[in-house]
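Engineer: Have a look at this one before I ask anything.
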Amino acid sequence: MGKLGVYIHIPFCIRKCNYCDFCSFPDKDGSAMREYCDELCRRMRAFSEDNGRREVDTVYFGGGTPSLLPSVCFESLFKTLRECFLIDADAEITVECNPATVSRESLEGLHELGVNRLSIGLQSANENELRALGRLHSFEELCESFGLARTVGFDNISLDLMYGIPEQTLESFENSLLHVCELAPEHISSYGLKIEDGTAFGRMRDSLVLPDEDEEYEMYTLCRRVLEAHGYERYEISNFAKRGYESRHNMRYWKLEDYIGFGVAAHSCIQNERFGNSRDIAAFLRGEDIVEERYSVNVDERRREYVMLGLRLGKGISDSEYRAFCGRGLLDDMPQIEKFVSAGYLVKSGERVAFSDKGFFVSNAILSDLLN
Ligand code: SF4
Numbered sequence: 001m002g003k004l005g006v007y008i009h010i011p012f013c014i015r016k017c018n019y020c021d022f023c024s025f026p027d028k029d030g031s032a033m034r035e036y037c038d039e040l041c042r043r044m045r046a047f048s049e050d051n052g053r054r055e056v057d058t059v060y061f062g063g064g065t066p067s068l069l070p071s072v073c074f075e076s077l078f079k080t081l082r083e084c085f086l087i088d089a090d091a092e093i094t095v096e097c098n099p100a101t102v103s104r105e106s107l108e109g110l111h112e113l114g115v116n117r118l119s120i121g122l123q124s125a126n127e128n129e130l131r132a133l134g135r136l137h138s139f140e141e142l143c144e145s146f147g148l149a150r151t152v153g154f155d156n157i158s159l160d161l162m163y164g165i166p167e168q169t170l171e172s173f174e175n176s177l178l179h180v181c182e183l184a185p186e187h188i189s190s191y192g193l194k195i196e197d198g199t200a201f202g203r204m205r206d207s208l209v210l211p212d213e214d215e216e217y218e219m220y221t222l223c224r225r226v227l228e229a230h231g232y233e234r235y236e237i238s239n240f241a242k243r244g245y246e247s248r249h250n251m252r253y254w255k256l257e258d259y260i261g262f263g264v265a266a267h268s269c270i271q272n273e274r275f276g277n278s279r280d281i282a283a284f285l286r287g288e289d290i291v292e293e294r295y296s297v298n299v300d301e302r303r304r305e306y307v308m309l310g311l312r313l314g315k316g317i318s319d320s321e322y323r324a325f326c327g328r329g330l331l332d333d334m335p336q337i338e339k340f341v342s343a344g345y346l347v348k349s350g351e352r353v354a355f356s357d358k359g360f361f362v363s364n365a366i367l368s369d370l371l372n
């Protein structure tokens, strides 16, 4: 059995950002967080009793706002993680942070526990845009948190940026990109804003002034130009890294490697089994089974996953890997590849096929054509 990645979902935030569709709840006095972490520990122990002490080379605390957890919770989670799993000495251990919820003390605590990568949500360096998004922090606070993290010893930090924000212009996005490059994190994620139903933005949909599709495309290509000029390579549709700093945990998802998720809304992929937990935190705290979808992946689904996830990567998919899944070549099953190559949406290089810039931007439409 290969190594495993562990994902731990921490579904608590001080308050909801206007665009947020992630599974997160407020916890005013911290009592739910403690109860939640105790239950996470119980479920990790149950997993290791059933599956043995699996070797782990990536751990990822996502949310929500994991950096909101009191240090005592992190301490018990790490104690249990090390009891239940064999964590590699050089495992990548990431914690997502909100700049409004970290202090020198909390960062030192994380570093001492073995956390070696931080993923900090910035979204924009423009104060009006941060306010529009409902973020709790200013750009100045992000810079302070970032500086503290460096002082404490974190040498692998990722910052998240967003484009397509209401009232955002090409110029203000470029400004955010340049400010981020000045900070020189090792990794940058840059996502286009999606307006989801059930969010504050979803309810305000008709009154939001959003960049149109052409402007968004310009932002997308600007992002790549600016980041590449500063030494970041795009290794996935929305992710850029200095060489050697690609997110090892996220690569597991895109390369169909095994991971186990603990907590509400967490997903798992173990060999050919997929399962996803519901968002029902009350049932989780009662110790109930919250798996709401579980299925085995057959050869055809695995082939589709390979194309869907592999094409997210800068290096794309390969004919030989595809043959290993299903015994046929890429062009046997997807002759449309040639049409997209001629139109400049896909690029062929040797046995590999990858999206061009233009293709990445409309990747969903192309994938649906290829896979249907
Ligand atoms: S901090 Fe993140 S998870 Fe929490 S509300 Fe904002 S976007 Fe959602």
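Heads up, the sequence shown is in this note's numbering, so the first residue is 1 and it goes up one at a time. Every residue, glycine too, gets a C-beta built ideally from N, C-alpha and C. Values in this document were obtained by computation on a predicted structure and should not be read as measured data.
#1: Verify whether the separation of the beta carbon atoms of G5 and D160 is less than 8 Å.
#2: Which stretch, first to last residue, makes up the beta strand (DSSP E) that contains Y235?
#3: Measuring CA to CA, which of F61, S119, G344 is closest to F146?
#4: Are there any heavy atoms of the ligand SF4 lying less than 7 Å away from the beta-carbon of P16, as far as the coordinates show?
#5: CB Y220 to CB L133, shorter than 8 Å?
#6: Just the Cα atoms here: how many angstroms apart are Y36 and L285?
#7: Measure the alpha-carbon distance for E174 versus L331 and round it to whole angstroms.
#8: For the segment 53–61 against the segment 87–100, do three or more pairs of beta-carbon atoms, one drawn from each stretch, fall closer than 8 Å, so that the two count as touching?
#9: Looking at G52: is its Cβ nearer than 8 Å to the Cβ of H9?
#10: On the DSSP bridge list, what partners appear for D160?
#11: Using DSSP bridges, identify the partner residues of R274.
#12: Can you tell me the Cβ-Cβ gap for L77 and C23, rounded? I've got them flagged as a contact below 8 Å.
#13: Thinking just about the alpha-carbon of each residue, which of E129, A184, I237, A89 is nearest to the one in Y191?
#14: Return yes when the C-beta of F284 is under 7 Å from any heavy atom of the ligand SF4, and no when it is not.
#15: Return the Cβ separation of L256 and E305 in integer angstroms, given the expectation that the two are a contact with Cβ distance under 8 Å.
#16: Measuring CA to CA, which of G2, P166, G244, E213 is closest to D206?
#17: Just checking, does the segment 184–201 make contact with the segment 149–158 on the three C-beta pairs under 8 Å criterion?
#18: Please name the residue, chosen from C326, R352, S356, that lies closest to F340 on a Cα-to-Cα basis.
#19: Hey, does T58 have any beta-carbon neighbour from chain B nearer than 8 Å?
Structural biologist: Let me lay it out:
#1: With respect to D160, G5 sits apart: the two C-beta atoms are not nearer than 8 Å.
#2: Unbroken beta strand (DSSP E) run through Y235: 233–236.
#3: For the residues F61, S119, G344, the minimum Cα distance to F146 belongs to S119.
#4: Sequence inspection shows Lys at residue 16; the Pro mentioned does not correspond to that position. Yes, the Cβ of K16 comes within 7 Å of a heavy atom of the ligand SF4.
#5: Cβ atoms of Y220 and L133: not closer than 8 Å.
#6: It is roughly 6 Å from the alpha-carbon of Y36 to the alpha-carbon of L285.
#7: Rounded to the nearest whole angstrom, the CA to CA distance from E174 to L331 is 39 Å.
#8: Yes, since at least three Cβ pairs between the segment 53–61 and the segment 87–100 fall closer than 8 Å, the two stretches touch.
#9: No.
#10: As DSSP reads the structure, D160 sits in a beta bridge with G121, S189.
#11: For R274, which the question treats as bridged, DSSP gives the partners C269, Y295.
#12: At roughly 18 Å, the Cβ-Cβ gap does not stay under 8 Å, so L77 and C23 are not in contact.
#13: Of E129, A184, I237, A89, the residue nearest in Cα terms is I237.
#14: Result no, Cβ not under 7 Å from the ligand SF4.
#15: Cβ atoms of L256 and E305 come within 8 Å of each other, at about 6 Å.
#16: When only C-alpha atoms are compared, the closest one is P166.
#17: The segment 184–201, when compared against the segment 149–158, does touch it at the 8 Å Cβ threshold.
#18: Measuring from the Cα of F340, the nearest candidate turns out to be S356.
#19: No chain B is present in this structure, which holds just one protein chain.
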